[in-house]
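Peer 1:
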Amino acid sequence: MSDTSMEADLTRSANGRIAKERLYHGLLFCCAALTVFVTLSIVATLAIDAVEFFSRVDPLAFFTGTEWVLRSENPILGILPLVSATLTVTIVSALVAIPIGTAAAVYLSEYASDRMRSVLKPALEILAGIPTVVYGFFALVYLTPWLQQLGLDVDLFNLLSASIMVGIMIIPMVSSISEDAMSAVPDSLRQAGYGLGATKFEVSTKIVIPASISGIFSSYILALSRAIGETMIVVVAGGSQGRMFDPSQPFANLLNSGQTMTAAMVQAVTTDLSGGTAGYYSMFAIGLTLFAITFSMNLLSNRIAARYREEYQ
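Take the sequence shown: its position 47, counted from the start at 1, is 47 in full-length UniProt numbering, and no numbers get skipped.
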């Protein structure tokens with residue numbers, strides 16, 4: 001074979017590889033652009049209908065109102081009761097998920113054997129695959145009666161049961177992401193601690209956790225963002241009556257029913273409200289407000305993770 005024909009074959013082969021790489025690049029770019037397009041479309045839809053809502057309802061009255069009564073005629077649309085219930089559920093669920101999830105992550109990363117980890121981690125992550133409506137019915141049918149048997153004067157629909165169940169639901173998110181962050185800590189740091197006479201518990205709490213704090217904190221923020229946006233559990237177990245949080249009786253607020261922002265959106269779309277009313281458009285204003293809260297939390301998570309990220313060679 002001549003040198004000329006060999007050079008031509010190599011050229012065709014190189015051109016074919018370049019064409020394939022360009023095709024792959026285009027397909028991957030389209031997938032990435034699609035996610036951005038969908039996100040921007042959702043935000044634009046919420047914003048357009050929210051503008052329509054605020055053309056009918058005073059924004060100041062909406063953001064500072066302390067009553068939420070959704071009805072066809074003369075609705076009272078103050079978002080503060082919904083925000084207070086949402087934050088209540090989020091805080092209580094965090095008190096449930098963060099300690100349990102972090103402890104589970106420490107055990108899986110530092111104490112469990114490979115065999116035990118291969119069993120426990122998939123079993124723990126099964127919780128993330130359970131439909132949230134199942135959690136809601138479990139809270140309503142089993143958890144609330146159990147709390148009543150303990151002597152708590154809880155209503156049939158109450159925020160305490162909903163909060164506990166939301167906390168259980170987000171445990172896998174906390175434990176899985178935190179365990180991945182802890183496992184990424186180099187073993188050289190652990191061995192250095194053992195060389196100085198530290199116990200396994202001291203190495204776990206004073207070396208591994210501080211070294212992976214950015215990933216652990218990111219898991220907290222992501223889990224809380226998931227808790228804020230939870231719908232079915234709070235709809236089934238929390239109730240649908242908007243109540244303003246009473247700072248003088250914080251525990252009593254949990255024993256009564258309440259309505260979160262997501263539950264109010266479900267109510268707005270499932271009741272007999274006709275399209276074009278202020279009550280109907282309120283779900284878009286609530287959705288935009290909820291999006292702003294979760295976006296701010298995710299932005300805060302990214303900043304904190306970047307600030308405290310440890311890089312190892």
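Cβ coordinates follow ideal geometry from the N, Cα and C atoms, glycine included.
Rounding to the nearest angstrom, what Cα-Cα distance links serine 178 and leucine 224 in this structure?
Peer 2: Here residue 178 refers to the residue found at position 178 of the sequence shown. Here residue 224 refers to the residue found at position 224 of the sequence shown. Approximately 14 Å, taken between the alpha carbons.
Peer 1: What does the alpha-carbon distance come out to for the pair isoleucine 76 and glutamate 67?
Peer 2: In the sequence shown, residue 76 corresponds to position 76, counting from 1. In the sequence shown, residue 67 corresponds to position 67, counting from 1. Those two C-alpha atoms are separated by around 6 Å.
Peer 1: Determine the DSSP secondary structure at leucine 156, reduced to helix, strand or coil.
Peer 2: Along the sequence shown, one-based indexing puts residue 156 at 156. Here leucine 156 sits in coil by DSSP.
Peer 1: Return the CA-CA distance between glycine 276 and methionine 283, expressed in angstroms with no decimal places.
Peer 2: The sequence position of residue 276 within the sequence shown is 276, counting from 1. The sequence position of residue 283 within the sequence shown is 283, counting from 1. Answer to the nearest angstrom: the Cα atoms are 12 Å apart.
Peer 1: Whose C-beta lies closer than 6 Å to the C-beta of leucine 140 among residues of the same chain, with five residues either side of it excluded?
Peer 2: Taking the sequence shown and counting its residues from 1, one reaches residue 140 at position 140. If we look at leucine 140 and ignore the five residues flanking it on each side, its Cβ neighbours are Val236 and Ala237.
Peer 1: Since leucine 150 and serine 161 should fall inside the 8 Å C-beta cutoff, what is the C-beta to C-beta distance between them, to a whole number of angstroms?
Peer 2: By one-based count along the sequence shown, residue 150 stands at place 150. By one-based count along the sequence shown, residue 161 stands at place 161. About 12 Å; that fails the 8 Å criterion.
Peer 1: Isoleucine 76 bridges to which residues according to DSSP?
Peer 2: Indexing the sequence shown from 1 puts residue 76 at position 76. Val69.
Peer 1: How should phenylalanine 251 be labelled, buried or exposed, when 16 other C-beta atoms within 10 angstroms of its C-beta is the threshold for buried?
Peer 2: Against the sequence shown, residue 251 aligns to sequence position 251. Label assigned to phenylalanine 251: exposed.
Peer 1: If distances are taken between C-alpha atoms only, which option among Ala285, Leu300, Ile304 and Phe291 comes closest to aspartate 58?
Peer 2: Against the sequence shown, residue 58 aligns to sequence position 58. Comparing Cα positions, the closest option is Ala285.
Peer 1: Return helix, strand or coil for arginine 117, following the three-state DSSP convention.
Peer 2: Taking the sequence shown and counting its residues from 1, the one referred to as residue 117 is at position 117. Looking at arginine 117 - three-state DSSP - the assignment turns out to be helix.
Peer 1: Consider the C-beta atom of arginine 17 and the heavy atoms of the ligand ZN; say whether any pair is separated by less than 8 Å.
Peer 2: As far as ligands go, the structure on display features none, and thus does not contain the ligand ZN.
Peer 1: Tell me the DSSP secondary structure of isoleucine 304 in three-state form.
Peer 2: For this step, residue 304 is matched to residue 304 along the sequence shown. It is helical.
Peer 1: Within 10 angstroms of its Cβ, does serine 93 collect 16 or more other Cβ (buried), or is it exposed?
Peer 2: Locating residue 93 in the sequence shown gives position 93, counting from the first residue. Buried is the call here.
Peer 1: Give me the residue from Tyr135, Val96, Phe62 and Pro99 with the minimum Cα distance to leucine 82.
Peer 2: By 1-based counting over the sequence shown, the position of residue 82 is 82. It is Phe62.
Peer 1: Closest to valine 106 by C-alpha separation, out of Ala264, Ile213 and Tyr281, would be which residue?
Peer 2: Residue mapping note: residue 106 aligns to position 106 of the sequence shown, counting from 1. That would be Ile213, whose Cα lies nearest to the Cα of valine 106.
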